[in-house]
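So the sequence shown is numbered by the numbering used here: it starts at 1 and just counts up by one. Every residue gets a Cβ at the ideal spot worked out from N, C-alpha and C, and that includes glycine.
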Amino acid sequence: MTTEQPLTSRIQYEYSPGHFRASEPNVYESEQLAEGQMILNMGPQHPSTHGVLRLEIITSGEIVQDVVPHIGYLHRCFEAHTQRLPFNQSIPFVDRLDYLAAMNGEHVWAMAVEQMLGIENDIPKRTEYIRVLVAELNRIAAHFLAIGTYGLDIGAFTPFLWLMRDREHIQRMLEWVSGARMLYNYIWIGGLFYDLPVGFEERCREFVTYLKPKLVELQEVLIDNEIFRKRTGNVGVLPLAVAIDYGCTGPVLRGSGLRYDLRRVDAYSVYPELDFDIPIGTGQAGAVGDCWDRNYVRVRECWESLRIIDQCLDRLTTDYKRTPDYNPQALVPKKIRPKAGDYYFRGESAKGELGFFFRTDGRSDIPVRVHCRSCSFHNLSVISEISRGGMLADLVAVIGSLDLVMGEVDR
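In structure tokens form, the structure reads like this:
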């Protein structure tokens, strides 16, 4: 009869150089390096990497020669989950892609399935205006986190505290609507979980009035700050042609000067009925497409989202106000069985083009294949192009300007 060894004797504490190579091998080997070059690893736990991201950096002194991103540390099995569940049960998993802008993901997913079912034109206008309202609130919250943590990365502490304070107001309003602070499951296929709470429109107007002078302060203290301009201008310059080649979208693409926004290009939901502009980078602090331009675009988009929210509130309190016979779940289908075929639908999330591809067999309410087109994945892929030849100290500034969410990159 054998006795089991104590746990302490079964654990190998000694460091083995082979462990790291076996788990995540380097792209570069030491034999490939030129004289004076070295391999530097940033992450995957370093807080400045904006998530669980590992960067393999080849440096020559202080100059970056190449950057290789290693991903997969936050793999959520999104596509595998959605290929085993009915369409309507996958929305909580959509929330966990870009968990900072979950309403935008839900909106795109719901519209994609509604388009497959052919009911996109039957959705009540009040439902669509509520969807856009909460999606734009969530877009502002996502941009606030991007801008605030970016300032923190390069040494500006006060704007981070201001933006977290104001983001908290948005989170509380979205919690009032859905019951959750971040992962909402509020926008359903064919409708909504529930109508807006009584008094929400008035509280939202108060918030818009409160936030406008705060955005002016943010522009003065951070974006137009001379130190911030010098730290981010001419750093991480992304030429427009390179951005297009790598499939960059959202503020990363618009920061390079292209006025491309799916809310205008594809004109989905009620966005064609709303008046708003598409901000782009113009190189005010250096070259077009630098880190400053990308952050400037995000701040300007917060202003445009406020314009959209204002207009949504106007419509929700006049043309499409709450009535006793309005039921946000009236068109929610019991069974979702689209015709057999391949479908793709895309929308403008806070970080760019979020798209969903579906393959259906026409017999089941569970898709045969689901693929997510992640905006953060494409934006991350360009990092080596815009970091080569720059200073090692500028690399964190470049990473932060891309506004990555690893839950969406790894999927």
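Note that the stretch 27-35 does not touch the stretch 354-370; fewer than 3 beta-carbon pairs, one per stretch, sit closer than 8 Å. L161 counts as exposed, since fewer than 16 other C-beta atoms from the protein chains shown sit within 10 angstroms of its C-beta. Per the coordinates, the alpha-carbon of C372 lies some 15 Å from the alpha-carbon of T249.
Between the alpha carbons of L238 and V288 lies a gap of roughly 8 Å. If you draw a straight line from the Cα of R264 to the Cα of I366, it comes to about 31 Å.
Non-local C-beta neighbours of R254 in its own chain, meaning closer than 8 Å and more than five positions away in sequence, comprise Y260, D261, I278, P279, I280, G281, V297, ordered along the chain. Distance from F276 to I308 at the Cβ level is roughly 5 Å; contact confirmed, criterion being Cβ atoms closer than 8 Å. Contact fails between the stretch 141-160 and the stretch 378-389, because fewer than three Cβ pairs, one in each stretch, are under 8 Å apart. Taking a C-beta distance under 9 Å as the contact criterion, G51 and V235 do not qualify as a contact pair.
Your pair H70 and E56 checks out as a contact, with CB atoms roughly 6 Å apart and the cut at 8 Å. Judged by DSSP in its simplified three-state form, L215 adopts helix. Taking a C-beta distance under 9 Å as the contact criterion, R322 and L196 qualify as a contact pair.
Spanning the alpha carbons of D293 and A241 requires a straight line of approximately 16 Å. Where F358 is concerned, there is no enclosing alpha helix (DSSP H), although the beta strand (DSSP E) around it starts and stops at 353-360. Between the C-alpha atoms of P338 and D122 there is a straight-line separation of about 16 Å.
W188 is bridged by DSSP to G191. Rounded to the nearest whole angstrom, the C-alpha separation of Y186 and I91 is 9 Å. Spanning the alpha carbons of C375 and K351 requires a straight line of approximately 6 Å. Taken atom to atom, the span from the alpha-carbon of Q219 to that of F87 is near 42 Å.
For L40, the secondary structure class from DSSP, reduced to helix, strand or coil, is strand. In the DSSP assignment, Q329 falls outside any alpha helix (DSSP H) and carries neither an H nor an E.
Taking C-beta atoms as the reference points, L85 and V252 fail to come closer than 9 Å. Residue nearest to E201 within the set L331, L145, M173, D245 is M173 (criterion: CA-CA distance). The secondary-structure analysis by DSSP pairs Y268 with nothing; it has no beta-bridge partner.
Under the DSSP assignment, E128 falls in the alpha helix (DSSP H) whose first and last residues are 125-153. When secondary structure is reduced to three states using DSSP, M391 falls in the strand class.
Shown here for V409: same chain residues with a beta carbon closer than 7 Å to its own, the five before and five after excluded, namely I71, S374, S376, F377, L380 in chain order. Each of G283, V368, L331 was checked against the Cα of I119, and the nearest Cα belongs to L331. In this chain, P251 is not harboured by any beta strand (DSSP E); it is covered by the alpha helix (DSSP H) spanning 250-254. Contact between G191 and Q65 does not hold, since their C-beta atoms are separated by about 53 Å, which reaches or exceeds 8 Å. In the three-state reduction of the DSSP assignment, R203 falls in the helix class, which pools H, G and I.
Annotation: P333 to I189 spans about 7 Å, alpha carbon to alpha carbon. Inside the stretch 61-126, DSSP marks whole alpha helix (DSSP H) runs of 4 or more residues at positions 78-82, 91-95, 102-117, from first to last along the chain. Pairing V398 with G286, the inter-Cα distance amounts to about 15 Å.
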